[in-house]
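Student:
The structure is reproduced here in structure tokens:
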């Protein structure tokens, strides 16, 4: 009897929820320390960190609410969701989500495409951080583009690439009759659902009959690869130049400032390594696995779970590597402990005074 993947889907949803919780926990700590605890990170870069961390939490929240999932089957994959957020019915979702002409009459599909847009937005913001740090070291004049109204350039930059991937996924992965027929039995067997009943986007490399290439779906691979290659190229270019020229540039800086720049650079190095593991590697698997024409039936929830571990890992990297964050966190923790201890001592003193007062009143009453 064919294996059902519903249990694995439940596990993937649990992992996604856990990723959201730890991303929120560490992300809120980073945001709070950046705004109120760390003094050496200021100006535009402070708000870049806060914004990036906030978007990361939103990215993980998106997954925890809508639970997008993947299923690989032979020459393609299905990108779908079995979730009904907050127990809402499909009719209610249609009221909440704007009425859009979606083929399978389920407006929740637009949310699936939006998830890819948030993914692209996250990567774009990471690239902007690299650009800022590069200019802060080697071209201070260019930082004018991060001040005032000119800083809106980067908002447009991120929204542009996020919107491109969202729209691209929505249109280029739109399910047609051929894809629906190809995946129909597989989805019924593995997840006990009909594709007509759930929001789904599909990728199918070849026509099942005739073996012709489906260029609409293939163009999505080229499309998303181009966007990600551009963002990754920006990060590699800025990162490599900082690595090769930074020591010469900061040679005459004060010792404290040297350490600060090195720590920020080390943070960026880990920030490019982490998405390579948690964002780009799963993406490469998703995009190119169907091209190998392997006969398989594989749940891809694990790949989606890796996506959602990234925001938590990014916040942990900042907290561990940048000394100012550790110092600020330790100071705030000590303040909380000291305040708690003082409150306990005050309560004990007040209790003793009340007890002493009661004894004195009792003694006076006895004498009288």
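Numbering (UniProt numbering), first residue to last: 1 to 368. Backbone N, C-alpha and C fix where the C-beta goes; we use that ideal spot for every residue, glycine too.
1) Can you give, in chain order, each stretch of the alpha helix (DSSP H) that sits fully within the region 130 to 216 and has at least 4 residues?
2) Taking only the alpha-carbon atoms, compute the straight-line gap between residue 131 and residue 231 and give it to the nearest angstrom.
3) Tell me where the beta strand (DSSP E) around residue 7 begins and ends.
4) I need the boundaries of the alpha helix (DSSP H) containing residue 56, first residue and last residue.
5) Could you have a look at residue 69 and say whether DSSP puts it in helix, strand or coil?
6) Going by the DSSP bridge assignment, what does residue 298 pair with across the sheet?
7) Would DSSP call residue 81 helix, strand or coil?
8) Residue 208: which of 179, 165, 170 sits nearest, CA to CA?
9) Consult DSSP for residue 284 and reduce its assignment to one of helix, strand or coil.
10) If you draw a straight line from the C-alpha of residue 328 to the C-alpha of residue 28, how long is it?
11) I think residue 113 touches residue 201, with their Cβ atoms under 8 Å apart; what is that distance to the nearest whole Å?
12) Cα separation between residue 39 and residue 319?
13) Is the region 17 to 34 touching the region 58 to 69 in the sense that three or more CB pairs, one from each, lie closer than 8 Å?
14) Would you mind working out which of 45, 73, 17 sits nearest residue 58, comparing C-alpha positions?
15) Residue 222: buried (16+ other C-beta within 10 angstroms of its C-beta) or exposed?
16) Just the Cα atoms here: how many angstroms apart are residue 244 and residue 324?
17) Does the region 264 to 281 come close enough to the region 159 to 175 to have 3 or more Cβ pairs within less than 8 Å?
18) Who are the Cβ neighbours of residue 91 in its own chain at under 7 Å, not counting the five residues just before and after it?
19) Is residue 254 helix, strand or coil by DSSP?
20) Give a yes or no on contact between the region 328 to 343 and the region 47 to 55, applying the rule of three or more CB pairs nearer than 8 Å.
Tutor: Put simply:
1) 152 to 172, 177 to 191
2) Roughly 11 Å between the two C-alpha positions.
3) From DSSP, residue 7 is part of no beta strand (DSSP E) but of the alpha helix (DSSP H) over 6 to 36.
4) 43 to 66
5) In the displayed model, residue 69 falls within a strand according to three-state DSSP.
6) 72
7) The answer is strand: DSSP assigns residue 81 an E or B state.
8) 179
9) Taken through DSSP and simplified to helix, strand or coil, residue 284 comes out as helix.
10) 14 Å
11) Taking C-beta atoms under 8 Å as the contact rule, residue 113 and residue 201 qualify, at a distance of about 7 Å.
12) 15 Å
13) yes
14) 17
15) Exposed, because fewer than 16 other Cβ atoms sit within 10 Å of the Cβ of residue 222.
16) 25 Å
17) At 8 Å Cβ cutoff, the stretches do not touch.
18) Low confidence applies to residue 91: its pLDDT is 43, below 50, so where it sits in the model is not reliable, and the reading given next is rough at best. Within the same chain, residue 91 has no close Cβ partners at all.
19) coil
20) Too few Cβ pairs lie closer than 8 Å, so no.
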